[in-house]
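Peer 1:
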Amino acid sequence: GDSVTQMEGPVTLSEEAFLTINCTYTATGYPSLFWYVQYPGEGLQLLLKATKADDKGSNKGFEATYRKETTSFHLEKGSVQVSDSAVYFCALRYGGSQGNLIFGKGTKLSVKP
Amino acid sequence: EPEVTQTPSHQVTQMGQEVILRCVPISNHLYFYWYRQILGQKVEFLVSFYNNEISEKSEIFDDQFSVERPDGSNFTLKIRSTKLEDSAMYFCASQVGALNQYFGPGTRLTVL
Numbered sequence: 002g003d004s005v006t007q008m009e010g011p012v013t014l015s016e017e018a019f020l021t022i023n024c025t026y027t028a029t030g031y032p033s034l035f036w037y038v039q040y041p042g043e044g045l046q047l048l049l050k051a052t053k054a055d056d057k058g059s060n061k062g063f064e065a066t067y068r069k070e071t072t073s074f075h076l077e078k079g080s081v082q083v084s085d086s087a088v089y090f091c092a093l094r095y096g097g098s099q100g101n102l103i104f105g106k107g108t109k110l111s112v113k114p
Numbered sequence: 003e004p005e006v007t008q009t010p011s012h013q014v015t016q017m018g019q020e021v022i023l024r025c026v027p028i029s030n031h032l033y034f035y036w037y038r039q040i041l042g043q044k045v046e047f048l049v050s051f052y053n054n055e056i057s058e059k060s061e062i063f064d065d066q067f068s069v070e071r072p073d074g075s076n077f078t079l080k081i082r083s084t085k086l087e088d089s090a091m092y093f094c095a096s097q098v099g100a101l102n103q104y105f106g107p108g109t110r111l112t113v114l
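The listed protein sequences correspond, in order, to chains R and D.
Numbered according to the numbering used here, the first sequence terminates at residue 114, and the numbering increases by one at each position without gaps.
Numbered according to the numbering used here, the second sequence terminates at residue 114, and the numbering increases by one at each position without gaps.
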């Protein structure tokens with residue numbers, strides 16, 4: 002069945018370091034892909050998304066490109082801040098625009114000053 | 003900005019007891035979802051709800067689970083007889099049209 006695999010955490014970086022969180026997926030058809038972020042004590046918030054191959058989603062300095070050939074949607078940021086410390090979830094959606102999301106396990110990011 | 007709220011934030015219960023987890027979706031949203039995350043595992047879909055009926059459910063959502071929209075604003079998840087393995091963080095989400103799902107902060111359920 003459809004699934005999402007993302008890199009194990011936790012990830013600890015210094016401020017201004019480059020961030021990559023790997024995400025690969027297995028899906029039939031052509032799902033939409035998402036990154037959600039969860040800050041401490043809060044719900045999951047949509048960070049960015051891409052709905053078709055080669056689309057790049059971007060928000061708040063984060064980027065991810067939908068790569069059909071490698072079935073990947075890696076999250077990147079050029080210079081992380083302490084405020085980026087959170088748990089990041091990669092997800093896919095099938096079954097149309099009201100379909101449920103299939104999530105990865107989440108990757109905890111800690112950014113040190 | 004409108005947000006999805008969930009109560010309680012933490013629920014502790016004894017095995018075999020019934021629990022009701024409550025969610026207040028964003029007011030103009032029409033599609034509602036419950037997900038859960040067992041500690042250290044993936045966020046898993048439980049059920050989706052639209053037009054006062056279940057539209058999809060996962061194999062996790064067995065006869066012990068039920069959902070209800072009792073009064074047009076709340077959206078509840080009931081577990082009739084809790085088991086130890088029901089201990090998890092439960093997330094509610096809502097959506098309008100083809101737009102994004104908005105998630106609540108979650109309820110941590112601990113079954114002793």
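From the three backbone atoms N, C-alpha and C, an ideal C-beta is built for every residue, glycine too.
Quick caveat: nothing in here was measured; it's all calculated off a predicted structure.
#1: Can you list, in chain order, the stretches of the beta strand (DSSP E) that have 3 or more residues and sit fully within the stretch 26-82 of chain R?
#2: Determine the burial state of residue 69 of chain R: buried for a count of at least 16 other Cβ atoms within 10 Å of its Cβ, exposed for fewer.
#3: Cutting at 6 Å between CB atoms, please list the residues of its own chain near residue 1 of chain R, excluding the five before and the five after it.
#4: Secondary structure at residue 32 of chain D, three-state DSSP: helix, strand or coil?
#5: Tell me the DSSP secondary structure of residue 93 of chain R in three-state form.
#6: Are residue 26 of chain R and residue 53 of chain R closer than 8 Å when you measure CB to CB?
#7: Determine whether the Cβ of residue 85 of chain D lies closer than 8 Å to any Cβ atom of chain R.
#8: Grouping DSSP H, G and I as helix and E and B as strand, with all else coil, what is residue 23 of chain D?
#9: Count the other CB atoms within 10 Å of the CB of residue 46 of chain D; is the residue buried (16 or more) or exposed (fewer)?
#10: Inspect the beta-carbon positions of residue 78 of chain R and residue 11 of chain R and report whether they are closer than 8 Å.
#11: Looking only at its own chain, which residues have a Cβ that is under 6 Å from the Cβ of residue 51 of chain D, when we skip the five neighbours before and after it?
#12: In angstroms, rounded to a whole number, what distance separates the CA positions of residue 72 of chain R and residue 19 of chain D?
Peer 2: Inspection of the coordinates gives the following:
#1: Segments of the beta strand (DSSP E) lying fully in the stretch 26-82 of chain R: 33-39, 45-51, 57-60, 63-66 and 76-78.
#2: Position 68 of the first sequence holds residue 69 of chain R. Classification for residue 69 of chain R: exposed.
#3: The first residue shown for chain R is 2 and the last is 114, placing residue 1 of chain R beyond what the model contains.
#4: Within the second sequence, the letter at position 30 stands for residue 32 of chain D. In this structure, DSSP gives residue 32 of chain D a state outside helix and strand, which the three-state scheme calls coil.
#5: For the purposes of this step, residue 93 of chain R is taken as residue 92 along the first sequence, with counting starting at 1. Taken through DSSP and simplified to helix, strand or coil, residue 93 of chain R comes out as strand.
#6: Walking along the first sequence from the start, residue 26 of chain R turns up at place 25. Walking along the first sequence from the start, residue 53 of chain R turns up at place 52. Cβ distance not < 8 Å, so residue 26 of chain R and residue 53 of chain R don't count as in contact.
#7: Residue numbering aside, residue 85 of chain D sits at position 83 when the second sequence is read from its first letter. Cβ-Cβ to chain R under 8 Å: no for residue 85 of chain D.
#8: Here residue 23 of chain D corresponds to residue number 21 of the second sequence, with the count starting at 1. Of the three classes helix, strand and coil, the one that applies to residue 23 of chain D here is strand, per DSSP.
#9: In the second sequence, counting from the first residue as 1, residue 46 of chain D sits at position 44. Result: buried.
#10: If you number the first sequence from 1, residue 78 of chain R lands on position 77. If you number the first sequence from 1, residue 11 of chain R lands on position 10. Result no, Cβ atoms of residue 78 of chain R and residue 11 of chain R do not sit closer than 8 Å.
#11: Sequence index remark: in the second sequence, residue 51 of chain D carries index 49 (1-based). Same-chain partners within the cutoff: 34 and 69.
#12: Working through the first sequence from its first residue, we reach residue 72 of chain R at position 71. Working through the second sequence from its first residue, we reach residue 19 of chain D at position 17. C-alpha separation (whole angstroms): 43 Å.
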